[in-house]
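Written below as structure tokens is the structure these notes are about.
Numbering (the working numbering), first residue to last: 98 to 284.
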């Protein structure tokens, strides 16, 4: 269930972001409750606004180039990966963004634990590999930023044959530090 919902939300984030840059029409994510749609969409739009603000600081007369699902390959180490979001700015610098859909532990007051050290380390390795491949194989030398974008996804539960199990419906979704300090982008 988590994998399927992650794929669905990943595609939705990509669509919302691309729509903010006029690259495609935004599709309504009907599988999310209206209140979840609004929170999720606003979080993704905040990322789009950050990209646009960065470009405006560089040169307001030009636009950043946005690409999604960019596959990288390093034939020497036989390493490949797919960057969720790659941004090329007009000054030749680049940015990398990667969505991470996480089921944080919560209590009635909110998120109790942030990203675990193991997950944080694996995210760091992933982004570092992207940067290394971009530098060594594609000649990119100017990295403006690289960010992990954590999205907290909480699932409803249902009872089936007397057993409680996770549902594919969400009880909540949160993205961005306005929702929680644990959801700030990770450099």
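Just so you know, even glycine gets a beta-carbon here, dropped at the ideal spot from N, CA and C.
Which residues share a DSSP beta bridge with residue i?
i           : result
residue 167 : 180
residue 77  : The question about residue 77 has no answer here: the residues shown for the chain are numbered 98 through 284.
residue 185 : 162 and 191
residue 197 : 247
residue 267 : 252
residue 240 : 191
residue 272 : 248
residue 283 : 245
Less than 6 Å between C-beta atoms, sequence neighbours within five positions excluded: which residues of the same chain meet that for residue i?
i           : result
residue 266 : 253
residue 224 : 243
residue 109 : 126
residue 171 : 230 and 234
residue 283 : 245
residue 167 : 180 and 183
residue 281 : 274
residue 140 : 272 and 273
To the nearest angstrom, how far is the alpha carbon of residue i from that of residue j?
i           : j           : result
residue 241 : residue 156 : 14 Å
residue 222 : residue 259 : 42 Å
residue 163 : residue 237 : 16 Å
residue 185 : residue 206 : 40 Å
residue 148 : residue 115 : 12 Å
residue 233 : residue 190 : 15 Å
residue 103 : residue 262 : 18 Å
residue 212 : residue 231 : 26 Å
residue 101 : residue 273 : 22 Å
residue 134 : residue 204 : 23 Å
residue 105 : residue 99  : 10 Å
residue 216 : residue 161 : 30 Å
residue 227 : residue 132 : 34 Å
residue 145 : residue 192 : 12 Å
residue 220 : residue 214 : 10 Å
Leaving out five residues before and five after residue i in sequence, what residues of the same chain have Cβ atoms less than 8 Å from its Cβ?
i           : result
residue 159 : 152 and 187
residue 107 : 181, 196 and 198
residue 165 : 111, 114, 115, 181, 182 and 183
residue 120 : 163
How close, in whole Å, do the beta carbons of residue i and residue j come, if the pair is a contact with beta carbons under 8 Å?
i           : j           : result
residue 124 : residue 143 : So it is not a contact: roughly 19 Å between Cβ atoms.
residue 255 : residue 269 : Not quite, the Cβ-Cβ distance comes to about 16 Å (not below 8 Å), so this is no contact.
residue 137 : residue 129 : 7 Å
Sufficient close CB pairs (3 or more, under 8 Å) joining the stretch 170-177 to the stretch 144-162 | Because the criterion of three Cβ pairs below 8 Å is not met, the stretch 170-177 and the stretch 144-162 do not touch.
Do the stretch 236-250 and the stretch 193-200 make contact, defined as three or more Cβ pairs closer than 8 Å?
-> Short answer: they touch.
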